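Inspection log for the structure reproduced underneath, given as structure tokens.
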Amino acid sequence: MSAPLILVLNGPNLNLLGTREPHIYGTDTLEDVRLATSRAADQLGCALDFRQSNHEGVLIDWVQDARGTAAGIIINAGAYTHTSIALLDALKAVDLPVIEVHLSNIFHREPFRHTSYPGRAAIGVIAGFGGQSYVLAVAALANLIKTAA
Ligand code: DQA
């Protein structure tokens, strides 16, 4: 049997991690986060597909494509978290387990960051642990996938 596939989606500006507002997001690059997440998935017997786009429609296409290929989705939609009903609709449409992640604790920040559309489709939200948020999300999702199998 092949390893269940976890799709990790990253939204706008997350490609700039490492240099982008390091006092908020830290100095790890997105590649560092990918490596740590991939190691965690490996240890849990899951495969990982880790992607980033600055474009809302591309993220929506990737969510739609996950139907039939991925066992679950981890999403950090960046600022689309706070604006994209279209992304929420896509996540609801594919009917896969979703975990939302954020590097920063969005609830400590500006009020406009307190709303999350993907959060309405997510089983849970992990925020505020930097790159470790992704590792925690992989552990949570792998557990959900195994108990559902
Ligand atoms: C973020 C939080 C968002 O508010 C912000 O727009 C981001 C990053 C985080 O991971 O902390 O781009 O999703």
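If you count the sequence shown from 1, you need to add 10 to reach the working numbering. Just so you know, even glycine gets a beta-carbon here, dropped at the ideal spot from N, CA and C. In this text, all values refer to a predicted model and were calculated from it rather than measured experimentally.
Asked: Could you check whether the Cβ of residue 33 sits closer than 6 angstroms to any heavy atom belonging to the ligand DQA?; Found: no
Asked: Please check the pair residue 111 and residue 63, which I expect to be a contact at CB under 8 angstroms, by giving their CB distance rounded to whole angstroms.; Found: Not confirmed; about 16 angstroms, so no contact.
Asked: Give a single yes or no on whether residue 64 has its beta carbon closer than 6 angstroms to a heavy atom of the ligand DQA.; Found: no
Asked: According to DSSP, is residue 147 part of a helix, a strand, or is it coil?; Found: helix
Asked: Within the segment 27 to 86, note down every full beta strand (DSSP E) run reaching 3 residues or more, in order along the chain.; Found: 57 to 62 and 82 to 86
Asked: Taking only the alpha-carbon atoms, compute the straight-line gap between residue 96 and residue 120 and give it to the nearest angstrom.; Found: 23 angstroms
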